[in-house]
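A.B. asks: Residue numbers (our numbering): 366 to 971.
Beta carbons are placed, not taken as given, at the ideal position from N, Cα and C, and that holds for glycine.
Structure in structure tokens, see below.
Here it is, written out as structure tokens:
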């Protein structure tokens, strides 16, 4: 039998889980110490080093994951599965902070000697739970439980550990004659064993071995020391996990090789979650080919080529890579990964994408891509047009849509035909402006940076590409704006009768240093409208999205917990971008981009 405390043992102190990494003396101190790595890496003091001497290594990369504690420190007592089950679902003393219950003051006339009438105390006050007898009866009947959540209950199953059978040579480590779990909750279909004290994978397997209706298993936050199995145990696992379709292994810090090996024990597995495991690249170990939905959030991938091992999954359809550090499609030492045509949905939100070339390459990396989420990336925080004009988040949405012709959904919003037409027209005008503002001889290079340009020209016609002539910044021409003013419908009605309708258009070159007040005076005098009644609207010639109300149906219910401040579920159409030139002392040159402007004159309503 193993010693009470050993390297790799899982412990809990005051509800905080940890793993023993060292046992012995520490230079400069007296007595024995335990070096532990906390599951919460912010709880400790160091990374296993003290006084310049390293005593142990931590799995976490955080510099504060380790601590030294005395072996005599009181630990939280471990529970068996059945003990944890009863504590959670059949104990009056167990409190779940996620359950909200309505209470009323208890009648003091009831018989206190009867356990059923024993008062419940909250903050020293006696209260009675509405319908408590009914709830008590339901929870006590563990046989009817279908969804069982036993996270954070200090659960372990030492009878199934190899450590407990170190002197035995049997091919089967965990007992085959136990029925304790099956007798307690035979109807369970979903099981959450997260954040407990399991040390070996066979502990989890021995629990599932008795639950023949199980469909979903969650073991997040468990830090396994041993996931190896004998061939006999492996065959038992294939049977025990035969109906499970969803497996979650978040924050286990297991190497990818072990995640892949575990997945092979689930013959019907379709959904795997392996988030928060500190992966920066995936080793070439294959997951079970049955997987269709894979989530790898909150790891540290920097390029899509770090995920090359996933390109061999024949049935993968949905890939969630949210909250990584992805910024490139591939590194200098790797090739561009090409995923199967079946991969249709990809989530790249909250990464480090900063270039349009990355977006353009997505159709090559994911040839079947039809649904993309790419919000909250640096690319969309500082967009600019070729003339230096700032572009909005809606502009970025439209340009993303236009660059990826196969998309049917972007940031949860279904793309309608009119929306795509407007986006692609807008994108074509942006390309034309980029060419026009580029240095001489750069035209072909600019067009090569837009892979869809030729297709867009065939669909919508080739735009006029004429480079803006270089102008001496010290010349008079550089300080003038060529204006074309024309009357809108409201201004035509308001025009002074002395004008007689003879003047409806004014073309003039005016200095950039003119104030808007002065500009209004010129326009008002020319068209016979009082300056304070004039409203000047600059028609930029650019197409831009016009956002309508979000569609509730557009939100994928699997991600309904997304941040509430995300304005990414939208329905957009496009209009010509218009900017009102607001009356004031501001210089005209700061209101207009470029050297030419078409301005519509409208009359303000009285």
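Among 741, 707 and 546, whose alpha-carbon lies nearest the alpha-carbon of residue 716?
C.D. replies: When each option's Cα is compared against that of residue 716, the closest is 741.
A.B. asks: Hey, quick one: how far does the beta strand (DSSP E) through residue 440 stretch, first residue to last?
C.D. replies: Careful: residue 440 lies outside any beta strand (DSSP E) and carries neither H nor E.
A.B. asks: Assign residue 736 to buried or exposed, taking buried as 16 or more other Cβ atoms, counted over all protein chains shown, within 10 Å of its Cβ.
C.D. replies: So residue 736 ends up on the buried side.
A.B. asks: Per DSSP, residue 738 forms a beta bridge with which residues?
C.D. replies: For residue 738, which the question treats as bridged, DSSP gives the partners 712.
A.B. asks: Mapping DSSP to helix, strand and coil, what is residue 805?
C.D. replies: Residue 805: coil per DSSP, three-state reduction.
A.B. asks: On the premise that residue 398 lies in contact with residue 433, defined as a C-beta separation below 8 Å, what is that separation, rounded to the nearest angstrom?
C.D. replies: The pair is a contact, with the Cβ atoms about 5 Å apart (cut-off 8 Å).
A.B. asks: For residue 827, which of helix, strand or coil comes out of DSSP?
C.D. replies: Coil, per DSSP.
A.B. asks: Could you give the uninterrupted runs of the beta strand (DSSP E) lying entirely in the segment 385-423, keeping only those of 3 residues or more?
C.D. replies: 398-403, all fully within the segment 385-423.
A.B. asks: Measuring alpha carbon to alpha carbon, tell me which residue in 763, 884 and 767 is nearest residue 728.
C.D. replies: For the residues 763, 884 and 767, the minimum Cα distance to residue 728 belongs to 767.
A.B. asks: Which whole runs of the beta strand (DSSP E) in the segment 511-587 are 3 residues long or more, in chain order?
C.D. replies: DSSP runs (the beta strand (DSSP E)) wholly in the segment 511-587: 512-514, 555-557 and 581-583.
A.B. asks: State buried or exposed for residue 917, treating a residue as buried only when at least 16 other CB atoms are found within 10 Å of its CB.
C.D. replies: Confidence is the limiting factor: at residue 917 the pLDDT is only 41, short of 50, which leaves the residue's position unreliable and the question unanswerable from this model.
A.B. asks: Given 8 Å as the limit, is there contact between the segment 797-809 and the segment 767-777, that is, 3 or more CB pairs closer than that?
C.D. replies: The segment 797-809 is not in contact with the segment 767-777.
A.B. asks: Who does residue 903 pair with in a DSSP beta bridge?
C.D. replies: In the DSSP output, where bridge partners are listed per residue, residue 903 has 944 and 964.
A.B. asks: Going by other Cβ atoms of all chains shown within 10 Å of its Cβ, with 16 needed for buried, is residue 506 buried or exposed?
C.D. replies: Classification of residue 506: exposed, given that the 10 Å Cβ count is below 16.
A.B. asks: Looking at the structure shown, is residue 874 part of a helix, part of a strand, or coil, going by DSSP?
C.D. replies: Strand at residue 874.
A.B. asks: Residue range of the beta strand (DSSP E) that residue 951 falls in?
C.D. replies: That residue, residue 951, is in no beta strand (DSSP E); it is neither H nor E in DSSP.
A.B. asks: Take residue 549 as the anchor and find which of 450, 411 and 945 has the nearest alpha-carbon.
C.D. replies: Comparing Cα-Cα distances from residue 549 to each of 450, 411 and 945, the minimum goes to 450.
A.B. asks: Would you call the segment 750-760 and the segment 710-726 touching, i.e. three or more CB-CB distances under 8 Å?
C.D. replies: The answer is no - the segment 710-726 does not touch the segment 750-760, with fewer than three Cβ pairs under 8 Å.
A.B. asks: Which residue marks the beginning of the beta strand (DSSP E) containing residue 376, and which one marks its end?
C.D. replies: Per DSSP, residue 376 belongs to the beta strand (DSSP E) from 375-378.
A.B. asks: Let me make sure I understand the geometry here. Which of 902, 681, 884 and 586 has the alpha-carbon closest to that of residue 953?
C.D. replies: Nearest C-alpha to residue 953: 884.
A.B. asks: Taking the alpha-carbon positions, what's the residue 872 to residue 887 distance?
C.D. replies: Looking at the two C-alpha atoms, the distance is approximately 12 Å.
A.B. asks: Tell me the residue span of the beta strand (DSSP E) that contains residue 589.
C.D. replies: Residue 589 -> no beta strand (DSSP E), and no H or E assigned at all.
A.B. asks: Within a Cβ cutoff of 6 Å, which residues of the same chain sit near residue 576, ignoring the five residues on either side of it in sequence?
C.D. replies: Same-chain partners within the cutoff: 553.
A.B. asks: Determine the contact status of residue 874 and residue 845, defining contact as a CB-CB distance below 7 Å.
C.D. replies: It is a contact, given that the beta carbons lie within the stated cut-off.
A.B. asks: Let's test the definition: count the other Cβ atoms within 10 Å of the Cβ of residue 539 and tell me whether it reaches 16, buried, or not, exposed.
C.D. replies: Looking at its Cβ environment, which holds 16 or more other Cβ atoms inside 10 Å, residue 539 is buried.
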